[in-house]
Ligand code: ADP
Ligand code: ZN
């Protein structure tokens, strides 16, 4: 049972790290971005509202985000096994809302891993990112470092790959700005709580995995 938060700029590779962490530690991977994208593809009201913000690189408002997250944490798998939060909290107000939820439920976060990657690298990664369209797979490729064997096709499941609407230069720039102004303060917030571990993102995926493993133990 572990309760983990992974912090990092958009495109820092959080999502890829979360896949193995979730398996190795047997904790549900909860990505607010994935939940929003699922709602968008299903055409729900929430999806329609969230898309307006996501396409601009802005944070989806707290009213649409916090309740969504806490009700997910109320589900049995999180109660039994803990959780791995990816993309939440993304602002101080979200961190405070999470804190309140944790207190009410008499639980606490074990560790916050801060994945540190510089802006230039982030931009290049986001523009090269391809995502598997199969909602049960969601494998992430990078045309520069980790291309699929056949262009446009997922190695794992054969589904077509796509470029996320928000992986364009303008939106990535905005997402980075949003990250620096709203999310970065969380580094100090969790550092003050004594639970932050910073991991510098490495060129090789496996090298980052090794460092994250250390941070989690
Ligand atoms: P990335 O980490 O690559 O930016 P995510 O999938 O985590 O991608 O998020 C995509 C978008 O979804 C964000 O840019 C933001 O608009 C929205 N989003 C995700 N999580 C949150 C959150 N906790 N609060 C507000 N907006 C969010
Ligand atoms: Zn796939």
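Residue numbers (my numbering): 1291 to 1507.
Where is the CB? At the ideal position from N, CA and C, for every residue including glycine.
* Asked: If you draw a straight line from the C-alpha of residue 1451 to the C-alpha of residue 1324, how long is it?
  -> Rounded to the nearest angstrom, the two C-alpha atoms are 15 Å apart.
* To do: Go through the residues and name those whose CB comes closer than 5 Å to any heavy atom of the ligand ZN, in chain order.
  => Spelled out in chain order, the answer is 1422, 1424, 1427, 1429, 1444, 1446, 1447, 1449.
* Which one or two residues does DSSP pair with residue 1292 in a beta bridge? -> 1372, per the DSSP bridge assignment.
* beta-carbon residue 1307 near the ligand ADP non-hydrogen atom, thresh 7 Å -> No, Cβ of residue 1307 sits at least 7 Å from all heavy atoms of the ligand ADP.
* Spatial distance of residue 1464 from residue 1346 (CA atoms) -> Distance between the alpha carbons of residue 1464 and residue 1346: 7 Å.
* Run the proximity test for residue 1348: is its beta-carbon closer than 7 Å to any non-hydrogen atom belonging to the ligand ADP? => Residue 1348: yes, Cβ under 7 Å from the ligand ADP.
* To do: Quick one: residues in its chain with C-beta nearer than 7 Å to the C-beta of residue 1359, no 5 flanking neighbours on either side, listed in chain order?
  => Answer for residue 1359: 1322, 1378, listed in chain order.
* Asked: Going by Cα to Cα distance, which pick from 1487, 1423, 1498 is closest to residue 1505?
  -> Relative to the Cα of residue 1505, the nearest Cα in the group 1487, 1423, 1498 belongs to 1487.
* Fully enclosed by the segment 1313 to 1337, which alpha helix (DSSP H) runs are 4 residues long or longer? -> Taken in chain order, the unbroken stretches of alpha helix (DSSP H) that lie wholly in the segment 1313 to 1337 and span 4 residues or more are 1322 to 1332.
* So is the beta-carbon of residue 1463 under 7 Å away from any non-hydrogen atom of the ligand ADP? -> Outside the cutoff, so no.
* Apart from the five residues on each side of it in sequence, which residues of its chain come closer than 6 Å, Cβ to Cβ, to residue 1352? -> Closer than 6 Å at the Cβ level, and outside the excluded window around residue 1352, lie 1383.
* To do: Tell me whether the beta-carbon of residue 1297 lies closer than 8 Å to the beta-carbon of residue 1404.
  => It is a contact, given that the beta carbons lie within the stated cut-off.
* Asked: What does DSSP give as the partner residues of residue 1378 in its beta bridges?
  -> In the DSSP output, where bridge partners are listed per residue, residue 1378 has none listed.
* N- and C-terminal bounds of the beta strand (DSSP E) containing residue 1465 -> Per DSSP, residue 1465 lies in no beta strand (DSSP E) segment; the continuous alpha helix (DSSP H) that holds it begins and ends at 1459 to 1468.
* Asked: Using the beta-carbon count (16 or more within 10 Å), is residue 1447 buried or exposed?
  -> That one is exposed.
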